[in-house]
Amino acid sequence: MNKKALAILMRARMRPNNLTNFALSPISNELNQILSNSHGNRSSENGEHHAMEHGKEKLNHQRSFEVVRESMHSVISMNKTEVGDSVLNEFLEGYCSLSFENRRKLLLTLAKEYDLNRAQVRELIKQYLGLQPPGSEAQSGGVEDEGFLSTFYRIERNLRHSLKPVYETLFERLNTHPEGLKFLTIIRADILSILTEGNIASLRALDSYLKEKLTTWLSPAALELHQITWDDPASLLEKIVFYEAVHPISNLIDLKRRLGVGRRCFGYFHSAIPREPLIFIEVALLKNIAETIQEVLWDNPPIAESEATCPLFYSISSTQPGLAGINLGKFLIKRVITLVKIDMPHISVFATLSPIPGFMQWLLSKLASQLKLAKAEDISLSSADRSRLTFYENILEPEEERALIDSSGDLASGKSGMEIMLNLLTPTTHEWSNSDKLLSALKLPLMRLCARYLLQEKKRGKALDSVANFHLQNGAMVQRINWMADQSEKGLKQSAGIMVNYVYRPENIEEYAQSYFSKGHIHSSYDVKRYIQLALENESKGSL
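With our numbering applied, the sequence shown covers 3 to 546.
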């Protein structure tokens, strides 16, 4: 495919929010076709003929399921020397022919009927506990000790073997197939999709085991780092366009800019999934840490690379849904930092310009819950009445509330600043973003609440925001939050247009990652901490 063909293809297919019909491998193509069929694209007829056809179709599906189930059993139960590509191909093709409902049924069968043998595990544990521990007074030593220890070793070996589920054999044998690794990621994507419908313990265990296997098989040593350039094959560039998840690539000029002077794009590849990055990162070489995504995407012409002092990571995209939860990005960022420092040894600071995908969801939920609590208590919203509520919190400062009440005009009404803020931010039209007066009134409370969200709101001791958690566990610090940094529809919806700079300093990465992992400590700059400190100071004054 030449560059001209790529341009035509991009114009025809570039739909950032609709990725369902674009297939990149024979397996995913077949799966996409089956998915489309299973969603009701077949034509129907009325009356008795329709009922008869439906019955035949149901019978064929049932037969198909039984054939694939038997094929799966063969892969698991046959001797290792008997399992060749033909046997594996039969299962792969059969799985791809199933409807999503039958794939669900097959995976539940795999999870429940090919689990570990718990009766055997219990018997081995019983035998083990019945042995006298080595070195006890009951043991005489010498040759008898060696024989006694061999009993321990034998039971321990058998116990290790019995604690491996039977479906491990399926995963390991599929991984030997040329398309096996890709196929396993598709299976895991199906498992994750099913788990969104309900938490099924046996399927959760299956997912956990497959995730561990994939993590091992996709260790950094097995991955190849490749710098993606404009000179790469058009088929690879097409995948970059398709998989870009943070800032959609709008046209061929946009793509060329992102791969041109002052820009870098790196991807991790695996030999079992050739010509398709597992994950890729886009980098802008800048003089200073960017405050808005507009200056990154539309900086034309870029600065001379010799003048750059800050490589900015502005987009990182995973291409395989079945690899969710496997942190390839951590290793990718560290490798890219090492590689860039070799080319540009004078650079000491690496930064990101990152979205805050959970901020607005958290804020709107917080506002709604506090207003509901006040209403349930049937109180006015005066400060005296608020103080009587144990769980009530007015998340706005007095001056912020006054500014909102004075600025809301006809766009939103309410009895309090929080109610006005909720009514302003809830509509998807984002009319507030077109009013200078409202932008001025909302800036301080939204920036302060965003700092609180990033630094203080946690889940299981770690940052509530998924992107924040990703960078913090990789050893970054929160450097700066930026007002109206992404004014796109997506940016306003996710975070009221606010973006955040995380900074990686190579000398601090391991220390920061360890303190976050062990204590949940979030390192941040003074400017970001100041938003929190101001709120605490005002709270202290109010209590005097």
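Where a beta carbon is used, it is the ideal one built from N, C-alpha and C, also for glycine. Every value quoted in this text rests on a predicted model; they were computed, and no experiment measured them.
> To which residues of the same chain is Ala443 closer than 7 Å at the C-beta, ignoring the five residues directly before and after it?
Replying inline: Residue 443 sits at position 441 when you count from the first residue of the sequence shown. The answer, listed in chain order, is Ala405, Leu406 and Ser409.
>> Assuming Leu220 and Leu330 are in contact, meaning their beta carbons sit under 8 Å apart, how far apart are those beta carbons, in whole angstroms?
In response: Numbered from its first residue, the sequence shown carries residue 220 at position 218. Numbered from its first residue, the sequence shown carries residue 330 at position 328. With 8 Å as the limit, Leu220 and Leu330 qualify as a contact, their Cβ atoms being about 7 Å apart.
> DSSP beta-bridge partners for Ser356?
Replying inline: By 1-based counting over the sequence shown, the position of residue 356 is 354. Residue pairing by DSSP puts Ser356 in a beta bridge opposite Val502.
>> Can you look up Met479 in the DSSP assignment and give me helix, strand or coil?
In response: Counted from its first residue, the sequence shown places residue 479 at position 477. Here Met479 sits in strand by DSSP.
>> Only counting the same chain, and skipping five residues up and downstream in sequence, which positions put a Cβ closer than 7 Å to that of Thr76?
In response: Taking the sequence shown and counting its residues from 1, one reaches residue 76 at position 74. At residue 76 the sequence reads Ser, which differs from the Thr that was named. Here the set comprises Val89.
> Going by other Cβ atoms of all chains shown within 10 Å of its Cβ, with 16 needed for buried, is Ile127 buried or exposed?
Replying inline: Here residue 127 corresponds to residue number 125 of the sequence shown, with the count starting at 1. Exposed, since its Cβ has fewer than 16 Cβ neighbours within 10 Å.
>> Quick check: what's the CA-CA separation for Tyr316 versus Ala376?
In response: Counting from one through the sequence shown, the residue named residue 316 turns up at place 314. Counting from one through the sequence shown, the residue named residue 376 turns up at place 374. About 41 Å.
>> Rounding to the nearest angstrom, what Cα-Cα distance links Ala25 and Phe173 in this structure?
In response: Taking the first residue of the sequence shown as position 1, residue 25 is located at position 23. Taking the first residue of the sequence shown as position 1, residue 173 is located at position 171. Note on Ala25: pLDDT 33, under 50, position unreliable in the model; no value is reported.
> What does DSSP give as the partner residues of Tyr270 in its beta bridges?
Replying inline: Mapped onto the sequence shown, residue 270 falls at position 268. Per DSSP, Leu227 and Ile281.
> What is the rounded straight-line gap between the Cα of Lys184 and the Cα of Pro400?
Replying inline: For this step, residue 184 is matched to residue 182 along the sequence shown. For this step, residue 400 is matched to residue 398 along the sequence shown. Looking at the two C-alpha atoms, the distance is approximately 56 Å.
>> One question on the structure: do His473 and Thr354 come within less than 8 Å of each other, judged by their Cβ atoms?
In response: Walking along the sequence shown from the start, residue 473 turns up at place 471. Walking along the sequence shown from the start, residue 354 turns up at place 352. Against a cut-off of 8 Å, the Cβ pair of Thr354 and His473 comes out as a contact.
> Which whole-angstrom value describes the C-beta separation of Ile524 and Leu457, a residue pair presumed to lie in contact below a C-beta threshold of 8 Å?
Replying inline: Counted from its first residue, the sequence shown places residue 524 at position 522. Counted from its first residue, the sequence shown places residue 457 at position 455. Right, their Cβ atoms sit about 5 Å apart.
> Out of curiosity, what's the CA-to-CA distance linking Leu205 and Leu299?
Replying inline: Within the sequence shown, numbered from 1, the residue matching residue 205 stands at position 203. Within the sequence shown, numbered from 1, the residue matching residue 299 stands at position 297. For Leu205 and Leu299, the distance between alpha carbons rounds to 42 Å.
> With burial defined as no fewer than 16 other Cβ atoms inside 10 Å of the residue's Cβ, what is the status of Ile344: buried or exposed?
Replying inline: For the purposes of this step, residue 344 is taken as the residue at position 342 of the sequence shown. So Ile344 ends up on the exposed side.
> At which residues does the beta strand (DSSP E) containing Leu314 begin and terminate?
Replying inline: In the sequence shown, residue 314 corresponds to position 312, counting from 1. First-last of the beta strand (DSSP E) with Leu314: Cys312 to Ser320.
> How about Tyr97 and Arg106: do their beta carbons lie closer than 8 Å?
Replying inline: Working through the sequence shown from its first residue, we reach residue 97 at position 95. Working through the sequence shown from its first residue, we reach residue 106 at position 104. Going by C-beta atoms, Tyr97 is not nearer than 8 Å to Arg106.
> Considering only C-alpha positions, which residue in the set Ser152, Arg120, Ala121 and Ser371 is nearest to Gln134?
Replying inline: Reading the sequence shown from its first residue, position 132 is the one you call residue 134. Restricting attention to Ser152, Arg120, Ala121 and Ser371, the CA atom closest to the CA of Gln134 is found in Ser152.
> Mind checking Ile255: buried by the 16 CB within 10 Å criterion, or exposed?
Replying inline: The residue given as residue 255 occupies position 253 in the sequence shown. Classification of Ile255: exposed, given that the 10 Å Cβ count is below 16.
> For Ser350, which option in Lys495, Gly360 and Cys312 has the closest C-alpha, if you only look at C-alpha atoms?
Replying inline: As a working mapping, residue 350 is identified with position 348 in the sequence shown. Selected option, being the one with the closest Cα: Cys312.
>> Suppose only complete runs of 4+ residues qualify. What are the alpha helix (DSSP H) ranges in the region 426 to 459, listed by chain order?
In response: 438 to 457
> Roughly how many angstroms lie between the CA atoms of Leu427 and Glu395, to the nearest whole one?
Replying inline: Here residue 427 corresponds to residue number 425 of the sequence shown, with the count starting at 1. Here residue 395 corresponds to residue number 393 of the sequence shown, with the count starting at 1. If you draw a straight line from the Cα of Leu427 to the Cα of Glu395, it is about 19 Å long.
>> Need the endpoints of the alpha helix (DSSP H) that Val243 sits in, please.
In response: Indexing the sequence shown from 1 puts residue 243 at position 241. Val243 -> alpha helix (DSSP H) spans Ala236 to Tyr245.
>> Can you tell me whether His249 is buried or exposed? The criterion is at least 16 other CB atoms within 10 Å of its CB, across all chains shown.
In response: On the sequence shown, residue 249 is found 247 positions in, with the first residue counted as 1. With 16 or more Cβ atoms within 10 Å of its Cβ, His249 is classed as buried.
> What are the start and end residues of the alpha helix (DSSP H) that includes Pro400?
Replying inline: Translated into the one-based positions of the sequence shown, residue 400 becomes position 398. If you look at Pro400, you'll find it in the alpha helix (DSSP H) that goes Pro400 to Ser409.
> By the 10 Å Cβ neighbour count, where 16 or more other Cβ atoms means buried, how is His179 classified, buried or exposed?
Replying inline: Translated into positions along the sequence shown, residue 179 becomes position 177. Buried.
>> Taking the straight line between their C-alpha atoms, what separation do you get for Ser79 and Arg175?
In response: Numbered from 1 along the sequence shown, position 77 holds the residue referred to as residue 79. Numbered from 1 along the sequence shown, position 173 holds the residue referred to as residue 175. Going from the Cα of Ser79 to the Cα of Arg175 covers about 11 Å.
> Below 8 Å between beta carbons: does that hold for Leu212 and Leu186?
Replying inline: For the purposes of this step, residue 212 is identified with residue 210 of the sequence shown, where counting begins at 1. For the purposes of this step, residue 186 is identified with residue 184 of the sequence shown, where counting begins at 1. A contact, by the Cβ cut-off of 8 Å.
> With distances taken from CA atoms, which of Glu297, Asp467 and Lys289 is nearest Pro359?
Replying inline: In the sequence shown, counting from the first residue as 1, residue 359 sits at position 357. Of Glu297, Asp467 and Lys289, the smallest CA-CA separation from Pro359 is found for Asp467.
> Between which two residues does the alpha helix (DSSP H) harbouring Gln296 extend?
Replying inline: Counted from its first residue, the sequence shown places residue 296 at position 294. That run of the alpha helix (DSSP H) goes Ile295 to Leu299.
> DSSP state of Asn484, grouped into three classes?
Replying inline: In the sequence shown, the residue the question calls residue 484 occupies position 482. In the structure shown, Asn484 sits in a strand (DSSP, three-state: E or B).
> Which residue comes first and which comes last in the alpha helix (DSSP H) that contains Val342?
Replying inline: The residue you call residue 342 lines up with position 340 of the sequence shown. First-last of the alpha helix (DSSP H) with Val342: Leu330 to Asp345.
> Helix, strand or coil: how does DSSP classify Ala207 here?
Replying inline: If you number the sequence shown from 1, residue 207 lands on position 205. Three-state result, Ala207: helix.
> Between which two residues does the alpha helix (DSSP H) carrying Ala292 extend?
Replying inline: Here residue 292 refers to the residue found at position 290 of the sequence shown. Where Ala292 is concerned, there is no enclosing alpha helix (DSSP H), given that its DSSP letter is neither H nor E.
> Taking buried to mean at least 16 other C-beta atoms within 10 Å of its own C-beta, is Leu21 buried or exposed?
Replying inline: Taking the sequence shown and counting its residues from 1, one reaches residue 21 at position 19. With a pLDDT of 37 at Leu21, under the threshold of 50, the modelled position of this residue cannot be trusted; read the value that follows with caution. With fewer than 16 other Cβ atoms within 10 Å, it is exposed.
>> For Ser526, list the residues DSSP reports as bridge partners.
In response: Counting from one through the sequence shown, the residue named residue 526 turns up at place 524. Bridge partners of Ser526: Val480.
> Which first and last residues belong to the alpha helix (DSSP H) in which Trp364 is found?
Replying inline: Residue numbering aside, residue 364 sits at position 362 when the sequence shown is read from its first letter. Per DSSP, Trp364 belongs to the alpha helix (DSSP H) from Phe361 to Ala378.
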